[in-house]
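S.K.: This is the structure, below, for whatever I ask next.
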Amino acid sequence: MNIVLCDSAAQATRLSATLIYREVAARPLVVLGLATGGTMDPLYQELVSLHRACPIRWSDMRCFNLDEYVGLAVDHPMSYGYFMRHKVFDPLGVREVQAHLLRGDAPDPQEECRRYEDAIAAAGGIDLQLLGIGENGHIGFNEPGSSLDSRTRIVHLNPDTLTANRRFFPPGVCQPESAITLGIQTILDCRQIVMLAIGEKKASAVAAMAEGPLSAMCPASALQMHPATTVVLDTSAAQRLRLKDRYRRAGPADLHSA
Ligand code: GLP
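So for the sequence shown, my numbering puts the first residue at 1456; every next one is plus one.
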């Protein structure tokens, strides 16, 4: 795990967006795994800005979304599919055929999980997966207690996750209590991973992920076993890391080799 400490949230966000942008610029046929959530919103704005300043080819890449709420169709304003379409795909000119989304309203959710795993395999696997982290250490919607060898499946969300994400649901709009997520093993199969974590609220989860034991109670700790993960942090998210001085000294030089 390559840990990169940045002086500000803006710098961490810009760096993460640049890693994605550079990958697409260098390998137009890349298969991306894309995350949603509050942390990703400014990252995608940055990505769109980078593209507008110096356009690159998005027409041949393919991408897979990380997770989705059960029951929400892709055109539901609170769905992750809707978020991606409006904030990422439309501004970058990514077409529907390129962008694989989990159908939260699939009539047979189990079959939807199988379909998604098959689609990832048919695409040759995910080259670069972007991740955030939940305050409880979840990645995607793999909640504490998830099997480290899990694959795409339906999960019941923990009360703390529901509380953390309630802010995205306006009053009167029902928040689903379950979701479909890429499994932990599915994430570990991705060739490269970039995680962005911002803010004090993520500090405990980040420390457990990077320096705690490998444990189902902190699903993100599974990334310790991944050979090519870069974790980009601002100072607040890094504050509980015991080895932060060492990560800081290693600095961006490590990043170039990531
Ligand atoms: C959400 C999403 C995750 C995301 C995480 C952090 O529940 N399922 O994919 O990484 O929680 O979200 P945020 O960036 O809003 O804190």
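Ideal Cβ placement from N, Cα and C applies to all residues, glycine included.
Quick one: is Cys1509 buried, meaning 16 or more other Cβ sit within 10 Å of its Cβ, or exposed?
M.R.: In the sequence shown, counting from the first residue as 1, residue 1509 sits at position 54. By the neighbour-count rule (16 or more Cβ atoms within 10 Å), Cys1509 is not buried but exposed.
S.K.: By a C-beta neighbour count over all protein chains shown, 10 Å radius and 16 as the cutoff for buried, is Asp1522 buried or exposed?
M.R.: Here residue 1522 refers to the residue found at position 67 of the sequence shown. It is buried - the Cβ of Asp1522 has at least 16 other Cβ atoms within 10 Å.
S.K.: Sorry if obvious, but does the Cβ on Ile1609 come closer than 7 Å to a heavy atom of the ligand GLP?
M.R.: Position 154 of the sequence shown, counted from the first residue, corresponds to residue 1609. No - the ligand GLP has no heavy atom lying nearer than 7 Å to the Cβ of Ile1609.
S.K.: For Ser1601, which option in Leu1678, Ala1658, Ile1639, Cys1645 has the closest C-alpha, if you only look at C-alpha atoms?
M.R.: In the sequence shown, residue 1601 corresponds to position 146, counting from 1. If we check each option's Cα against that of Ser1601, Ile1639 comes out closest.
S.K.: To which residues of the same chain is Glu1632 closer than 6 Å at the C-beta, ignoring the five residues directly before and after it?
M.R.: By one-based count along the sequence shown, residue 1632 stands at place 177. For Glu1632, where only same-chain residues beyond five positions count, the Cβ hits under 6 Å are Leu1612.
S.K.: Roughly how many angstroms separate the alpha carbons of Asp1515 and Ile1475, rounded to a whole number?
M.R.: Numbered from 1 along the sequence shown, position 60 holds the residue referred to as residue 1515. Numbered from 1 along the sequence shown, position 20 holds the residue referred to as residue 1475. If you take the alpha carbons of Asp1515 and Ile1475, they lie about 15 Å apart.
S.K.: So what does DSSP say about Ala1708, is it helix, strand or coil?
M.R.: To locate residue 1708, count along the sequence shown from 1; it is residue 253. In this prediction, Ala1708 scores a pLDDT of 49, lower than 50, which makes its location untrustworthy; the coordinate-derived value is nonetheless stated afterwards. Here Ala1708 sits in helix by DSSP.
S.K.: Counting pairs of beta carbons, one from the stretch 1617–1630 and one from the stretch 1658–1669, are three or more of them closer than 8 Å?
M.R.: The answer is no - the stretch 1658–1669 does not touch the stretch 1617–1630, with fewer than three Cβ pairs under 8 Å.
S.K.: Spell out a yes or no on whether the stretch 1530–1541 and the stretch 1643–1650 are touching, meaning 3 or more CB-CB pairs, one atom from each, closer than 8 Å.
M.R.: Too few Cβ pairs lie closer than 8 Å, so no.
S.K.: Considering only the alpha carbon of each residue, which of Ile1511, Thr1468, Cys1568, Ser1691 lies closest to Leu1557?
M.R.: For the purposes of this step, residue 1557 is taken as residue 102 along the sequence shown, with counting starting at 1. Cα-wise, what sits closest to Leu1557 is Cys1568.
S.K.: Going by DSSP in three states, Asn1591 sits in which element: helix, strand or coil?
M.R.: Start at 1 with the first residue of the sequence shown, and residue 1591 comes out as number 136. Residue state, collapsed to three classes: coil.
S.K.: DSSP state of Cys1673, grouped into three classes?
M.R.: Locating residue 1673 in the sequence shown gives position 218, where the first residue counts as 1. Three-state DSSP puts Cys1673 in a strand.
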